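Here the structure comes first, spelled out in structure tokens, and everything after it is commentary.
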Amino acid sequence: MRLLPALLALAAARPLACADSHWCYDIQAKASNYACLGPSQWGGDCKKNRQSPINIVTTKAQVDPNLGLFSFSGYDKKQKWKVQNNGHSVMVLLEDEASVTGGGLAARYRAKQMHLHWSEELDKGSEHTLNGVRYAMEMHIVHEKEKGTSRSEKEAQDPKDEIAVLAFLVEAGSEKNDGFQPLVEALSYVPRPKMNTTMNDGISLLDLLPKKETLRHYFRYLGSLTTPGCEEKVVWTVFQERIQLHKDQIAAFSTKLYYDSEQKLKMTDNVRPLQRQGQRLVFKSQAPRQLLPLPLPTLLVPMLTCLLAGFLA
Ligand SMILES: [Zn+2]
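Just so we're aligned: the sequence shown equals residues -10 to 302 in the working numbering.
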């Protein structure tokens, strides 16, 4: 039997091949006939039980009064940012120029990079879902905890919130989003992995976000990075208000960028599947805005009961 030695050789070679293979998203795994490791095969901490993204059920999220307003610093600074195709997404390098405190965070967090997740279809591109609804894109601003800024020694050493990601869902609107346009235009200059460029016009991080007064509404939970090694050290903030981009701006991400240097596979559907929430709680920043007055009958019944009791006494 000549087949057996061949099979044994193949089996021996396989672990090496696996270790060598790079991680990828499902769409790439399928296109490459599983030459790269799709999400179900990701290593590191990716199989643990405090993973991201998750589906957020807004009615089940608990109000946490500590989740107050964010204080953004450097977010208003206009700059021609460096933009990079990192083979998994398009990344804007933020070079420690901005930071964030408040919002229930235990320390000051410095902005490192921003990147996005998307799909060609407008209901398949976000990583987190809200009440089962998936949006066109999701933007992640990744921050690292700044040493010496924690409220307490204990909080400084908590590994669960070493990274703070501010996540914004994106949906298609009817107008062009001028704030995003310098980034959208930069995409044409970084079609292939490892390519870099600089934006032609300066924009601030605030130019990319929804209106500032809406940023008081957000969800909070502890989870992980959504790419390997999926380290469970992320304090997640998912904002309720969506960013609006024109559908052509959303489409540009899928049409201008590629996963591979041969430009065979369009960069799209760079979305990790939903993970189990398990025992984790999701919190929200405040009770729903409109507190309705108590309906009349709930006031009248006790009043009448009292009156009646008074008469009968
Ligand atoms: Zn991300």
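The beta-carbon is built from N, C-alpha and C at its ideal position, and this holds for glycine as well.
These figures come from a predicted structure and were not determined experimentally.
Asked	Found
Neighbourhood of residue 186 by C-beta distance below 7 Å, restricted to the same chain and skipping five residues each side	72, 175, 178, 179
For residue 119, three-class secondary structure by DSSP	strand
Residues near residue 138 in its chain [Cβ-Cβ closer than 7 Å; skip 5 each side]	96, 97
Touching by the beta-carbon criterion (3+ pairs, under 8 Å), the stretch 232 to 239 and the stretch 125 to 132	yes
6 Å CB neighbourhood of residue 151 in its chain, flanking five on each side removed	134, 222
Closest by C-alpha distance to residue 107, when choosing among 205, 204, 67, 234	234
Entirely enclosed alpha helix (DSSP H) segments - the stretch 140 to 177, minimum 4 residues	142 to 146, 170 to 175
Pairwise C-alpha distance: residue 228 and residue 47	12 Å
CA-to-CA distance, residue 121 to residue 69, given in whole angstroms	36 Å
Near ligand 1: residue 220 beta-carbon under 8 Å from a heavy atom	no
Proximity test, residue 216 beta-carbon vs ligand 1 heavy atom, cut-off 8 Å	yes
The stretch 244 to 254 touching the stretch 56 to 68, judged by at least three CB pairs closer than 8 Å	no
Limits of the alpha helix (DSSP H) - the one that residue 244 falls within	236 to 245
Given 8 Å, three or more beta-carbon pairs between the stretch 259 to 275 and the stretch 209 to 223	yes
Segment limits, beta strand (DSSP E) that includes residue 71	71 to 74
Residue 60 CB to nearest heavy atom of ligand 1 below 8 Å	no
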